[in-house]
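Undergrad:
There are 2 protein chains.
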Amino acid sequence: MTTQRRLLLEVFQKAQGPIDAKELYRQASARDQSVSWATVYRSLNLFKQLGLIDERRLTKARCSYEIKQSMEHMHLVCQCCGKIIDFENYLVRKLVELVRHEHHFNVTKVDLYLEGYCAKCDGEKEVH
Amino acid sequence: MTTQRRLLLEVFQKAQGPIDAKELYRQASARDQSVSWATVYRSLNLFKQLGLIDERRLTKARCSYEIKQSMEHMHLVCQCCGKIIDFENYLVRKLVELVRHEHHFNVTKVDLYLEGYCAKCDGEKEVH
DNA sequence: TTAAGTGCAAAGGCTTTGCAGCATA
DNA sequence: TATGCTGCAAAGCCTTTGCACTTAA
């Protein structure tokens, strides 16, 4: 456990939700200028391998990372205001069990991403 | 509508499930050597904009594309051999309805991604 | 004919890696 | 002290873009 890794983990713990490598680098190097891109990416791969963080493909350009969540965890992303709502439900587990049985597919990771309009933005859309 | 675009759409229609740009280029240029990477990517962006195809980041390295599917569509990605299995089930619709009601979230796009071991790779894992 | 599409090559982003020096245990 | 980690810089991929030429309508 090095100072760099400790620092990066702290940034993750402070973050509310997923962040990308760029943001991780930005926040970490703001607190310790010597932190390099190489260390950021090497640590991300390490944390991922250790199961400390999840890697998601939220945008085309780059991956997002966040402290590991439960399997029943979903993200609702508002395409209007960008708000991210975290959401958990037993139906996700049912879905996983279904896949396991119908396809003999041994699920290790679930990534559910729903895009649309949140209550607020959808309401405003109706008005116009 | 150019010959190149027609050819690329044909490759999509023949493909069983999502393919990435590399595979699209491979198959297209096998039938018409003059097809270039620039045209492949420019066409992908056009098709996406027209709503003909969906773009998903199924693997970390690159995006996958496929003819637009229903909302109940899911992807199972084998972390061992990389195979991508398409899968549909009514539970996805139930999930969407749940989100709609419980969070007043107006869902426009669903992206469900399950990672794990396919039947074949999981079987081989057991042996060792 | 002419606006739009194409190929080529170069550039742009994100991520990985070789290597020498440094720090943790 | 010895293994493992780091920073730097360069390289590796995937994707986009400028430019001159070609093609579909």
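The listed protein sequences correspond, in order, to chains V and S. Oh and the first sequence: position 61 is 61 in this note's numbering, straight run, nothing missing. Numbering-wise, this note's numbering comes out as the position in the second sequence, counting from 1, plus 1000. C-beta: ideal position from N, C-alpha, C; glycine also. All of these numbers come straight from a predicted model, not from anything done at the bench.
1. Is residue 1105 of chain S helix, strand or coil by DSSP?
2. Measure the Cβ-Cβ separation of residue 1109 of chain S and residue 115 of chain V and say whether it is below 7 Å.
3. How should residue 39 of chain V be labelled, buried or exposed, when 16 other C-beta atoms within 10 angstroms of its C-beta is the threshold for buried?
4. Taking a Cβ distance cut-off of 8 Å, strictly less, list which residues of the region 12-28 of chain V are near chain S, in chain order.
5. Let me see if you follow: with CB-CB separation under 7 Å, is residue 1116 of chain S close to chain V or not?
6. Between which two residues does the beta strand (DSSP E) harbouring residue 70 of chain V extend?
7. Helix, strand or coil: how does DSSP classify residue 1082 of chain S here?
8. Which two residues bound the contiguous beta strand (DSSP E) that contains residue 56 of chain V?
9. Please list, in chain order, all residues of the same chain as residue 129 of chain V whose beta carbon is under 6 Å from its beta carbon, the five residues on each side excluded.
10. Flag residue 104 of chain V as yes if its beta-carbon sits less than 7 Å from any beta-carbon of chain S, otherwise no.
11. Quick one: what does DSSP say residue 1064 of chain S is sitting in, helix, strand or coil?
12. Taking the CB atoms as reference points, tell me whether residue 8 of chain V and residue 28 of chain V lie closer together than 7 Å.
13. Where does residue 17 of chain V fall in DSSP's three states?
14. Is the distance from the Cβ of residue 1106 of chain S to the Cβ of residue 86 of chain V below 7 Å?
15. Take residue 111 of chain V and list the residues in its own chain whose beta-carbon comes closer than 7 Å to its own, dropping the five residues that flank it on each side.
16. Which residues in the same chain as residue 5 of chain V place their Cβ atom closer than 7 Å to its Cβ, once the five residues preceding and following it in sequence are excluded?
17. Using a C-beta to C-beta distance shorter than 8 Å, which residues of chain V count as neighbours of residue 1086 of chain S?
18. Going by DSSP, which residues form a beta bridge with residue 124 of chain V?
19. Rounded to the nearest angstrom, what separates residue 96 of chain V and residue 1015 of chain S at their Cα positions?
20. For residue 101 of chain V and residue 1033 of chain S, I'd like the C-alpha separation in whole angstroms.
21. Helix, strand or coil for residue 1099 of chain S? Go by DSSP, reduced to three states.
22. Using a Cβ-Cβ cut-off of 7 Å, state whether residue 99 of chain V counts as contacting chain S.
23. Per DSSP, what kind of secondary structure is residue 92 of chain V in: helix, strand or coil?
24. Can you tell me the Cβ-Cβ gap for residue 1093 of chain S and residue 1072 of chain S, rounded? I've got them flagged as a contact below 8 Å.
25. To the nearest angstrom, how far is the alpha carbon of residue 21 of chain V from that of residue 65 of chain V?
TA: Considering the structure as presented:
1. coil
2. Yes, the Cβ-Cβ distance between residue 1109 of chain S and residue 115 of chain V is below 7 Å.
3. Within 10 angstroms of the beta-carbon of residue 39 of chain V lie 16 or more other beta-carbons, which makes it buried.
4. none
5. yes
6. Counting along the chain, residue 70 of chain V falls outside any beta strand (DSSP E), and DSSP gives it neither H nor E.
7. Of the three classes helix, strand and coil, the one that applies to residue 1082 of chain S here is coil, per DSSP.
8. 53-56
9. This structure cannot speak to residue 129 of chain V, because chain V is shown only from 1 to 128.
10. yes
11. Correct three-state label for residue 1064 of chain S: strand.
12. yes
13. coil
14. no
15. 56
16. 43
17. Within 8 Å Cβ-Cβ: nothing; residue 1086 of chain S doesn't reach chain V, min ~10 Å.
18. Partner(s): none; residue 124 of chain V has no beta bridge.
19. 26 Å
20. Residue 101 of chain V and residue 1033 of chain S have their C-alpha atoms some 44 Å from each other.
21. helix
22. yes
23. helix
24. For a cut-off of 8 Å, the C-beta gap from residue 1093 of chain S to residue 1072 of chain S is around 5 Å, short enough to register as a contact.
25. 8 Å
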